[in-house]
Amino acid sequence: MLRVENLSITFNEGTPDEKKALQNIQLELKPGDFVTVIGSNGAGKSTLMNMISGALFPDVGIIEINNQNVTTLKEHKRAKKIGRVFQDPMAGTSPKMTIEENLAIAYARNKTRTLKPGANKKRRALFKEELERLHLGLENRLSAKVGLLSGGERQALSLLMATFTQPDILLLDEHTAALDPSRAELITNLTGEIVKETHLTTLMVTHNMQQALDLGNRLIMMDKGQIILDIDGAKKQALTIEKLLQEFKRIRGTDMDNDRAILG
Amino acid sequence: MFISMFNAVESGIIFAIMALGVYLSFRILDFPDLTVDGSFVTGAAVSALLIVNGMPTGLAILAALLAGFLAGSITGLLNTKGKVNPLLSGILMMTALYSINLRIMGQSNIPLLNQETFFTQLRSIFESLGIDRAFDQGLTALGIENLPSTYSALLIMLIVTFIIKFITDYFLKTEVGLALRAIGDNEQMIRSFSANTDHLKVLGLGVSNGLVALAGGLYAQFTGFSDLNMGIGMIVIGLASVIIGESIIGTKTIGRTTLAVVVGAVIYRIVITLAIRSDFLDNGDTKLITALLVVLALVVPKVVETVKESSRKRKKRQALNQQVRRGA
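Keeping their order, the protein sequence lines are chains A and B.
Just so we're aligned, residue 1 is where the first sequence starts under the UniProt record's numbering, counting upward by one.
Just so we're aligned, residue 1 is where the second sequence starts under the UniProt record's numbering, counting upward by one.
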C-alpha cells in the first residue's frame, strides 16, 4: 500500500549544520499493516512522516502509495490518499467552525469540492453515527464550535476526521504526546479500535515505547536517519521495553539516550 | 434631520456591499487586503466609462464586478504564487490600480450628471407606479416636511444588498466555502484535507474585490460621478463597518455576522453624518471620526466584558462569605 524506496534528504548540505535527516530509507507497508515507529529525538521519524505527506520533498528516492508514484505530487493533492493526525491537538481542526462543519471539510477530502452545501441531512446522519464511535457525546453537539472542546476531545475529533473517509494511508505523528495521561490513553484506545475496524494501513510515530508495543502488528526503530530495527508478527507480540533497549544497544553499541522514550 | 439620516442609510446600504467584501478578505481569509482602496475606484471607473459609452446600466455594474474580481485575483496570485507578503501584495495592487483606474477613465473624473443610470431608471419606474407619491403622503401625514426626492434607491438597494448577503451566507456553507473559511482559521489543517489553498485564496480575494468593485460601480451611478480619489480610506471604512457591526450584533453564526456587517456599514454612515452635522466638526474630520469609531468598537466590548466578569466574581465571593458566616 505504501512503498518507500531509497529515500534520502540532507538539510543544510555543505554547511557545518549539515544533517543527514534520512539515509536510504526502505520501507514497504502491506494493506492493513499498522506500523509503529519509535526512535530518539532527531532520528528522522517526523521527517519521514512529512515526506510521505508531501510537506517535504526528498533529495532522492521514490514514494508510492497504492502503486502510484507520488514522490513529486503536491501536499494537497496527495492528501486525497492520506489521513493525518498531528501532535498538536489544535492543528487538526478549525476552532471557529462547528463540529459539523469540520466533519464536512473532512468528508470532502477525497472528493472534488463543489458549490453544494457541505452538510445536508444525509451527511449529518453519517456524522452523528461516526461521532458516536468516540463515546464522548459529541454527536449531540454538532453545532458547537470546535474551539470550545477540550484538547482530548479535539484530538479524538481529529482522529475521526482523518479516518472516516477511508484514506489509503493513515499517518499519526505523536498524536497523543501533547495530552495528559488519561486523555492519551483514551486516544490510544480509540486509535486501536478505529484502525482495527477499518483495517487502515497505518504509520504511527510515537515517543512512548509502551504505546508502540501495545498498538500495531509491526514495529520500526529509527536512529540517525536510518531504520535500524524492523520487527513484525509474533516476534513483535513478544517484545518488551527491556528487549527493545537491549536490541538498540546490540545494534548501536551504546545505550539509548532518551529518558522520555523509555518513561513517556 | 430626517433627510440627512435618510441619505446616510441610502449610501450606507450601498457601502454594505463593499463591507461584505472586506469581511471576506479580512475575517474569512484573515488577509488584510488593501487592494480595496483601488478596486472600489476600478468598479466606479468601469461602470462610469460604460455608461458614458451608452452601455446598459446593468451591464456596467456587472463589468465593475468582473473588473474587481480580476484585481483581487491578481493580489491573490502575488501572494500565493509570488510569495509576496499579504499586506504588501495589497499595497502593490492598490498602487498599480491608481494608474490603471486613470487609464480606464482617461481623466481623473467622469461626471454622469445627464446620463441615464441604474438609479435614474429606478426612479422613473417608482414615479410611474406612484410609489414615491404614496411614501411622500405617508411621511407628510407623520409631520415630516423635508422629503427625499425618491425612495427607489433605498428600497431596491436594501433588496439587492440582502440578496448578496444571503448568497454570501449560502456560499460560505458550501464545500468550497467551508474550505475557504478554514484557510483563515487553520491553514495547515485544510491543506491536510486536500484543499488547494493557493487557488482558494485567489478565489476568495477575487470574490471579495468583486463585491467591493460592485459597490464602487453602484456608488458611481448613485452619486453621478466617478473620481480617481473616491477610494481613499475605503479599507478603513470597510473595517469600521465590520468591527462596529460585529461588536453590536455579534458573530454567533455566519448569517448573523454578515447581517452585522451590513448593519455596521449603515451605522457607520449614520454616525459620520451626525458627527459632521455638529457645530465643531466638518468634512475633513471624517477620517479621525472613523479611526475613533474603530477604536471604540474594539475597546468598549473588552471593557464591558472585564467589568461584567469582575462583578460576577465579586458577587460569587460575597455569596460564599455569607455562607461561611452563616455556617459559623
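Glycine residues also receive a C-beta, built at the ideal position from the N, C-alpha and C atoms.
Looking at the backbone, the Cα of Glu28 of chain A and that of Leu159 of chain A are separated by about 23 angstroms. Contact between Leu178 of chain B and Glu101 of chain A holds, with the beta-carbon distance rounding to 6 angstroms and staying under 8 angstroms.
The beta carbon of Glu139 of chain A sits closer than 7 angstroms to the beta carbons of Lys128, Leu131, Glu132 from its chain, once the five residues preceding and following it are set aside; these are given in chain order. Among the CB atoms of chain B, none fall inside 8 angstroms of the CB of Glu28 of chain A. In this structure, the alpha-carbon of Asn229 of chain B lies about 21 angstroms from that of Pro32 of chain B. If only complete runs of 4 or more residues are kept, the stretch 39-110 of chain A shows the alpha helix (DSSP H) at 45-53, 75-78, 99-107, in order along the chain.
In terms of Cα proximity to Ser149 of chain B, the closest of B:Met157, B:Asp136, B:Leu142, B:Thr161 is B:Asp136. At least one C-beta of chain A is nearer than 8 angstroms to the C-beta of Thr197 of chain B. Residues of the stretch 121-139 of chain B that bring their beta carbon within less than 9 angstroms of a beta carbon in chain A are absent altogether.
When Cβ pairs closer than 8 angstroms are counted between the two stretches, the stretch 18-32 of chain B is seen not to touch the stretch 188-198 of chain B, the count staying below three. The alpha helix (DSSP H) runs lying completely inside the stretch 223-302 of chain B and spanning 4 residues or more are 234-249, 254-277, given in chain order. Contact between the stretch 54-73 of chain B and the stretch 214-229 of chain B is present: 3 or more CB-CB pairs across the two stretches fall below 8 angstroms. In this structure, Val207 of chain B sits near Phe69 of chain B, with a CB-CB distance shorter than 8 angstroms. Comparing alpha-carbon positions, the option among A:Leu73, A:Leu7, A:Gln226 lying closest to Arg252 of chain A turns out to be A:Gln226.
DSSP places Asp17 of chain A in the coil class of the three-state scheme, outside both helix and strand. If the five residues before and after Leu190 of chain A are omitted, its C-beta is found closer than 7 angstroms to the C-beta atoms of Leu134, Ala156, Leu159, all from its own chain and listed in chain order. The three-state secondary structure of Arg3 of chain A, taken from DSSP, is strand. Taking Ala16 of chain B as the centre and dropping the five residues before and after it, the same chain places the C-beta of Thr161, Val262, Ala265 closer than 6 angstroms to its C-beta, in chain order. Contact check between the stretch 59-69 of chain A and the stretch 170-188 of chain B: fewer than three CB pairs, one atom from each, fall below 8 angstroms, which does not count as touching.
Residues of the stretch 103-123 of chain A whose Cβ lies closer than 9 angstroms to any Cβ of chain B, in chain order: Ala104, Ile105, Ala106, Tyr107, Ala108, Arg109, Asn110, Lys111, Thr112, Arg113, Thr114, Leu115, Lys116, Pro117, Gly118, Ala119. The continuous beta strand (DSSP E) containing Val205 of chain A extends over residues 201-205.
Within the stretch 138-222 of chain A, the runs of beta strand (DSSP E) at least 3 residues long that lie entirely inside it are, in chain order, 169-173, 201-205. Secondary structure note for Leu229 of chain A: its beta strand (DSSP E) is the uninterrupted segment 226-232. Met209 of chain A sits away from Ile187 of chain A, with the two beta carbons spaced by 8 angstroms or more. Counting along the chain, Pro31 of chain A sits inside no beta strand (DSSP E), nor does DSSP assign it H or E at all.
Look at Ser194 of chain B here: in three-state DSSP terms it is coil, with no helix or strand label. DSSP, reduced to helix, strand and coil, places Ile110 of chain B within a strand of the structure shown. Neighbours of Arg191 of chain B in chain A, taken as residues whose beta carbon is under 8 angstroms from its own, are Glu75, His76, Ala79 in chain order.
With a minimum length of 4 residues, the unbroken runs of alpha helix (DSSP H) contained wholly in the stretch 158-190 of chain B fall at 175-185. Taking a contact to require three or more Cβ pairs closer than 8 angstroms, the stretch 297-310 of chain B and the stretch 39-46 of chain B do not qualify as touching. Here the alpha carbons of Ile235 of chain B and Val300 of chain B stand approximately 22 angstroms from one another. Not a single C-beta of chain A is nearer than 8 angstroms to the C-beta of Thr35 of chain B.
Annotation: the continuous alpha helix (DSSP H) that includes Pro86 of chain B extends over 86-105. Using a Cβ-Cβ distance cut-off of 8 angstroms, the stretch 64-82 of chain A and the stretch 162-177 of chain B are not in contact, since fewer than three pairs of beta carbons, one from each stretch, lie closer than that value. For Gly192 of chain A and Ala212 of chain A, the gap between their C-alpha atoms comes out near 11 angstroms. In this structure, DSSP gives Ile14 of chain B a helical state, which the three-state scheme calls helix.
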